[in-house]
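Chemist:
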Amino acid sequence: MNKRYFTIPVLIFILVAFENHLHAQETAVEKLAPRELAIPTSPLFDLLGAAPSQVARTADIKNFKVDWSLRNWKVNPNLAIQAQPIWEMFYNRKNLTKYQQASNFQRMMASLDLSLGTTLGERDERRIGGALKMNLYKQKDPLMMQGAYDAIQKNFEEELLQLKQKEKEILLALDSIVKPSELAAKKEELRSNDTQLASFYSRRNDAIQNEAAQFAVNNWNAAYIDVAFGKVFSYSTDSAGSLRKLALNRNTGNAFWLNFGFGVGKRGLISGLIRSSFYEEELTFTVRDDNSGEETSQTAIAANKLFTFGINFRYGGPVYNFFAEFIREAKSLKTPIQALNDVLTLPDGKTVVTSTVKWDVVNPYIINFGGDWRISRNVILNYGMRCVLDNNFKTVSFLPIANISCMMR
């Protein structure tokens, strides 16, 4: 029987159990304010193309996070972990005064994001890498909401004092009541007061959570600018999964990129991606001896760049939204012959057989569409379909992709 029919139920069971555990923890959490407006996939998954949306939203999370990619229905090979080390070391306190009083530069450094992980590629190559991402501009920061809950806290503090005072008055009155009917009425009044006292903290927490949720609804599509750097290695593997030869193509290299976005009304978000990848390209070709006609196979390594541009439109809100995006990719060296001419010099009497020069093909156009569903405060499901097109806009592949991201709090 196909293993995926076992994998999917097991995954759902783990997710539900994990979510129940998180929910139990949240009831005791003192920090009720939101720390992020969205739970995006990790920057490394953005670089690896493992996320349903390749034009990412801001990744300014304030907790450890883990991502699973379900692109090939195998959970364990596709994993990324994410954290903000400077935030954890200097600003992760119950009292946010230090963060709120920090300079813009210090808060920018606190947003420095580190992600590490691995995925299994389409050709069963093992891809391993890391990425750093930093927020340069943020229109709205939930952690800067100074005094946002003061009115709620004040109202509930006054209610608590009134409930405790009323309890004292009722207890004093019970000592002097003689009539059974009056005694029963006073006891009922005491029970009602005790019920309100017992639910006081949960009602106060619910009020704060509702205020926080409204803040997220109003600002989920706030403008942002992020800059990132990543490095990825791709290896061919054997049947046991051991790493073998390092692949020299677009899947191994360094990349710099910029993500940015701005809101359109209350429900729209337009975001963009500009990325440049630097890597070495392995070329295979045949050389012919002009005198003997003998042909031999050879390889050469050429430096190359890949430029990626993308635009994304989202519609919805912080709990669920839908997106459509267009990606354009292009190599700086347009043809393998151009790349080969830059690095190869043949002796007299040797000629390259032009038709045999090959390199890793990059399909220039990608269309992605899908959405996000924030299952809870800590868990989000990202899903989408990816349509890859060639130069003639002919469909090369059509793939479903799904990710689950979990905040570790």
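Under my numbering, the residue at position 173 of the sequence shown is numbered 454, and the numbers go up by one with no gaps.
Think of the CB as a built atom: it goes at the ideal place given N, C-alpha and C, for glycine as much as any other residue.
Fair warning: this is a prediction, and the values are worked out from it, not measured in the lab.
#1: Give the DSSP-derived three-state secondary structure of Asp653 in the structure shown.
#2: Taking DSSP as the reference, what is the three-state secondary structure of Gln363?
#3: Taking C-alpha atoms, which residue in Gln490, Lys460, Met370 and Glu469 lies nearest to Pro423?
#4: Helix, strand or coil for Thr567 per DSSP?
#5: Closest by CA to Ser686, which one among Phe674, Ser678 and Ile656?
#6: Less than 9 angstroms separating the beta-carbons of Phe261 and Ala332?
#7: Given a cut-off of 9 angstroms on the beta-carbon distance, is the pair Phe559 and Gly534 in contact?
#8: How many angstroms separate the CA atom of Glu561 from the CA atom of Phe514?
#9: Taking DSSP as the reference, what is the three-state secondary structure of Tyr430?
#10: I'd like the list of long-range same chain contacts for Lys468, defined as Cβ closer than 8 angstroms, with 5 residues on each side in sequence excluded.
#11: Under 9 angstroms, do Leu444 and Asn486 count as touching if we go by C-beta distance?
#12: Inspect the beta-carbon positions of Leu550 and Trp538 and report whether they are closer than 9 angstroms.
#13: Exposed or buried, Ser462, counting other C-beta atoms within 10 Å across all chains shown (16 or more means buried)?
#14: Answer with yes or no whether the minimum CB distance from Arg484 to chain B is below 9 angstroms.
#15: Does DSSP classify Lys421 as helix, strand or coil?
#16: Inspect the beta-carbon positions of Arg548 and Gly597 and report whether they are closer than 9 angstroms.
#17: Which partner residues does Trp349 have in the DSSP bridge list?
#18: Tell me the residue span of the beta strand (DSSP E) that contains Glu575.
#19: Considering only residues of the same chain and omitting the five flanking positions on each side of Arg692, which have a CB-CB separation below 7 angstroms?
#20: Whose C-beta lies closer than 7 angstroms to the C-beta of Gln579 among residues of the same chain, with five residues either side of it excluded?
#21: What does DSSP give as the partner residues of Val538 in its beta bridges?
#22: DSSP has Gln477 in a bridge; who is on the other side?
#23: May I have the straight-line CA-CA distance separating Asn416 from Pro324, to the nearest angstrom?
#24: Taking the runs of the beta strand (DSSP E) that are 3 residues or longer, which of them lie wholly in the segment 370-411?
#25: How far does the alpha helix (DSSP H) with Val624 in it extend, from its first residue to its last?
#26: Buried or exposed, going by whether 16 or more other CB atoms sit within 10 Å of the CB of Thr632?
#27: Per DSSP, which one or two residues make a beta bridge with Gly591?
#28: Roughly how many angstroms separate the alpha carbons of Glu439 and Ala432, rounded to a whole number?
#29: Can you tell me whether Gly402 is buried or exposed, with buried defined as 16 or more other CB within 10 angstroms of its CB?
#30: Going by C-alpha to C-alpha distance, which of Gly544, Thr476 and Phe603 sits closest to Asn500?
#31: State the start and end residues of the unbroken alpha helix (DSSP H) segment that holds Leu662.
#32: Report buried or exposed for Ser396, applying the criterion of at least 16 other Cβ atoms within 10 angstroms of its Cβ.
#33: Which residue or residues does DSSP assign as beta-bridge partners of Tyr646?
#34: Expressed to the nearest angstrom, what Euclidean distance is found between the alpha-carbon atoms of Arg407 and Thr476?
#35: According to DSSP, is Leu680 helix, strand or coil?
#36: Compute the distance between the beta-carbons of Glu448 and Leu471, then report whether it is under 9 angstroms.
Modeler: Straight from the coordinates:
#1: strand
#2: strand
#3: Gln490
#4: strand
#5: Ile656
#6: Within the shown structure, residues of the chain are numbered from 282 to 690, placing residue 261 beyond reach of any answer.
#7: yes
#8: 11 angstroms
#9: coil
#10: Leu455
#11: no
#12: no
#13: exposed
#14: The chain labelled as chain B is not found in the depicted structure, where only one protein chain is given.
#15: coil
#16: yes
#17: Leu360 and Ile685
#18: Run containing Glu575: none; DSSP gives neither H nor E here.
#19: This structure leaves residue 692 out entirely; the chain is present only between 282 and 690.
#20: Phe566 and Val568
#21: Residue identity check: residue 538 is Trp in the sequence provided, not Val. Paired residues: Ala509 and Arg556.
#22: Partner(s): none; Gln477 has no beta bridge.
#23: 12 angstroms
#24: 394-401
#25: Pro617 to Val624
#26: exposed
#27: Leu554 and Ile608
#28: 11 angstroms
#29: buried
#30: Gly544
#31: Premise fails: Leu662 lies in the beta strand (DSSP E), Val660 to Leu670, not in any alpha helix (DSSP H).
#32: buried
#33: Arg609 and Leu670
#34: 58 angstroms
#35: strand
#36: yes
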